[in-house]
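A.B. asks:
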Amino acid sequence: VACLGDEATCSICLSFFMDPVIIDCGHNFCRACITQCWERPDAAISCPQCRETFPQRTLRPNRQLGNVVEIAKQLSVPAAAGGDLCNAHQEPFKLFCNQDQTLICVICRESQAHHAHRVVPTEELRKQLSSRTRN
Ligand SMILES: [Zn+2]
Ligand SMILES: [Zn+2]
Ligand SMILES: [Zn+2]
Ligand SMILES: [Zn+2]
């Protein structure tokens, strides 16, 4: 999650992925964006990002990325607006667990489930996201 903002953004529509799919070269796009790209009958089946061409259209849903996007969206809500609370502890999500790719609160952090996991403060991720948006 070094670059959550970049990772969560589609290079065609430049906003958070909607229903992200991965294509054969390993690049990700919104399903709607890449489908539209490949819709034109005269268009070659190529990656809009790296221009690699493919013999056929293969779209695989990228669930892990979908998860990252959900987190990026939650983090893009300013902290002052509250954001979401941990269901289990009614505490604000202050940390992101790298292992589980999920937002956790300070009490989750101390629990057995996440104790040994690497976590990142959500403030840091938020900063990355806002610097990305400003570009
Ligand atoms: Zn898109
Ligand atoms: Zn590509
Ligand atoms: Zn919690
Ligand atoms: Zn964890």
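According to UniProt numbering, the stretch in the sequence shown is residues 1 to 135, in order.
Just so you know, even glycine gets a beta-carbon here, dropped at the ideal spot from N, CA and C.
Spatial neighbours of residue 60 within its chain, please: CB distance less than 7 Å, with the 5 preceding and 5 following residues excluded, ordered by chain position.
C.D. replies: To locate residue 60, count along the sequence shown from 1; it is residue 60. So the list reads 21, 22, once near-sequence residues are dropped.
A.B. asks: If we count the other Cβ atoms within 10 Å of its Cβ and call it buried at 16 or more, is residue 50 buried or exposed?
C.D. replies: Your numbering for residue 50 matches position 50 in the sequence shown. Exposed, because fewer than 16 other Cβ atoms sit within 10 Å of the Cβ of residue 50.
A.B. asks: Under the criterion of a Cβ to heavy atom distance below 8 Å, does residue 102 qualify as lining ligand 4?
C.D. replies: For this step, residue 102 is matched to residue 102 along the sequence shown. Yes.
A.B. asks: For the region 43-121, which segments carrying the alpha helix (DSSP H) assignment without a break, of at least 4 residues, lie completely within its bounds, in sequence order?
C.D. replies: Whole alpha helix (DSSP H) segments, 4+ residues: 63-76, 106-110.
A.B. asks: If you follow the alpha helix (DSSP H) that residue 34 is in, where does it begin and where does it stop?
C.D. replies: Within the sequence shown, residue 34 is the residue found at index 34, counting from 1. Here the alpha helix (DSSP H) through residue 34 covers 31-37.
A.B. asks: What residue range does the beta strand (DSSP E) around residue 153 cover?
C.D. replies: Here the chain covers residues 1 to 135 and nothing more, so residue 153 does not appear.
A.B. asks: Using the beta carbon as the reference atom, which residues fall closer than 7 Å to any heavy atom of ligand 2, ordered along the chain?
C.D. replies: Cβ atoms closer than 7 Å to ligand 2 belong to 23, 25, 26, 27, 47, 49, 50, 52.
A.B. asks: Is residue 76 near ligand 1 - that is, is its Cβ less than 8 Å away from at least one heavy atom of it?
C.D. replies: Counted from its first residue, the sequence shown places residue 76 at position 76. No, the beta carbon of residue 76 sits no closer than 8 Å to any heavy atom of ligand 1.
A.B. asks: Might you give, ordered along the chain, the residues of its own chain that have their beta carbon closer than 7 Å to the beta carbon of residue 73, omitting 5 neighbours on each side?
C.D. replies: Within the sequence shown, numbered from 1, the residue matching residue 73 stands at position 73. Result list for residue 73: 16, in chain order.
A.B. asks: In or out: residue 87 buried (at least 16 other Cβ within 10 Å) or exposed?
C.D. replies: If you number the sequence shown from 1, residue 87 lands on position 87. Looking at its Cβ environment, which holds fewer than 16 other Cβ atoms inside 10 Å, residue 87 is exposed.
A.B. asks: Is residue 12 a contact residue of ligand 3, with contact defined as CB to any heavy atom under 8 Å?
C.D. replies: Position 12 of the sequence shown holds residue 12. Answer for residue 12: no, Cβ out of range of ligand 3.
A.B. asks: Relative to ligand 4, is the shortest distance from any of its heavy atoms to the C-beta of residue 90 smaller than 8 Å?
C.D. replies: Counting from one through the sequence shown, the residue named residue 90 turns up at place 90. No, Cβ of residue 90 sits at least 8 Å from all heavy atoms of ligand 4.
A.B. asks: Does the beta-carbon of residue 32, which I'm using as the reference point, lie nearer than 8 Å to any heavy atom of ligand 1?
C.D. replies: For the purposes of this step, residue 32 is taken as residue 32 along the sequence shown, with counting starting at 1. Yes, the beta carbon of residue 32 sits closer than 8 Å to at least one heavy atom of ligand 1.
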